[in-house]
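I have placed the structure first, in the form of structure tokens, so that the comments after it can refer back to it.
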Amino acid sequence: MGFISFTHRMGLYGANYPGGYVKLNKLVLAGLVSSLALTACSPQASNQGEIQTTGEGIIGGSVVAAGDKIQESIVAVYDAAEGQLCTGSLLPNNLVLTAAHCIGHDSEAMYVFFGTEVNGKAQRRRVDKVAISSLWETRQYEDFDTGDIALMHFQGDVPAGYKPATFLSETNKKLLKKGAKVVLAGYGITDGVTGDGAGKLRMTSVKIADPKFSVTEIKLDQTDGTGACHGDSGGPAYIEIKGKFYLWGVTSRGVEDSANDCSQFSAYTSALAHKVWLNRMANKLSVSLTNPDPTK
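Sequence positions in the sequence shown follow my numbering and run 11 to 306.
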């Protein structure tokens, strides 16, 4: 049976990424890469290769069942060249929002996976274009405002049951205040010490520790035993309003987490702070990014 171990990018500015990268076991990786090679021209094909997962949740969270409303705009981001796993949010026009540090050296080896589990049976689409924030190149070694945000464009259609995430409106941005509860989701590990559990979509809720952590980032409290971890990088942060999830953030890195076990705090890149950049890059990658909810 295959297992999943994790690696993370250390020393990138005195902090570790809670999603960092999850790196798959060589046997599992070989099977998945083989599946990708065989299905490159038929993205909906599948085989029997499967990533083994364990654990109960995204560090103290819960498993997202197929068909759950929160699943409809969350995807896995897989780098077949490196065998590394991240998370992303589906946007209009075949775009995916993720973290800059999730983009591999060979973007043509990257895939978007649809489904609650990342395995050989899941539908996947090949990434053909990427855009990384220019801030990332110059500030990735800094402690604040690192520009850890990216857009990807994938080939093919969007599977049935999926629709783009809805961004939090400028009017409701005031809800992102200290102590407010936000919802996180991702395909990352469930144990920050052993590295178990990656490859299955999970969700949890945490509170905002500092809404003004930096100009473009918000700090979340993970000290209650739950939060994002390795493999969740690039994944969404939502705030729930009247039963609907509104996207506002992108999983970036751990903060004050010297043990690198995802037990302290995390920094989330504000997608709202990068809205102008997102629209400009969306124009280059496809067409103008629009909010799928016309009432917002």
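Note that beta-carbon positions come from the ideal geometry of N, C-alpha and C, so glycine has one too.
Check, Outcome
"With a cut-off of 8 angstroms on the beta carbons, I'd call PRO169 and GLN133 a contact; round off their distance for me.", "5 angstroms"
"Would you tell me roughly how many angstroms separate the C-alpha atoms of ALA241 and GLY264, rounded to the nearest one?", "The sequence given here has Gly at residue 241, not Ala. Approximately 12 angstroms, taken between the alpha carbons."
"Taking 8 angstroms as the threshold, find out whether the stretch 155-174 comes into contact with the stretch 125-142 through three or more Cβ pairs.", "yes"
"Which whole-angstrom value describes the C-beta separation of VAL128 and GLY209, a residue pair presumed to lie in contact below a C-beta threshold of 8 angstroms?", "4 angstroms"
"Measure how close the beta-carbons of GLY93 and VAL122 come, nearest whole angstrom, since I'm counting them as under 8 angstroms.", "Their Cβ separation, rounded to whole angstroms, is 16 angstroms, which puts GLY93 and VAL122 out of contact at 8 angstroms."
"Please state the DSSP three-state secondary structure of GLU266.", "coil"
"Does DSSP put VAL203 in a helix, in a strand, or in coil?", "coil"
"Find the nearest neighbour of VAL74 within the set LYS188, TYR197 and ASP155, judged by alpha-carbon distance.", "TYR197"
"May I ask you to report which of helix, strand or coil DSSP gives HIS111?", "helix"
"Going by the beta-carbon positions, is the gap between GLY259 and ALA281 smaller than 8 angstroms?", "yes"
"Helix, strand or coil for ASN293 per DSSP?", "helix"
"Are LYS217 and ALA190 close, meaning C-beta to C-beta below 8 angstroms?", "yes"
"For THR236, which residues in the same chain have their Cβ closer than 7 angstroms to its Cβ, ignoring the five residues on either side in sequence?", "ILE69, GLY70, GLY71, THR214 and VAL216"
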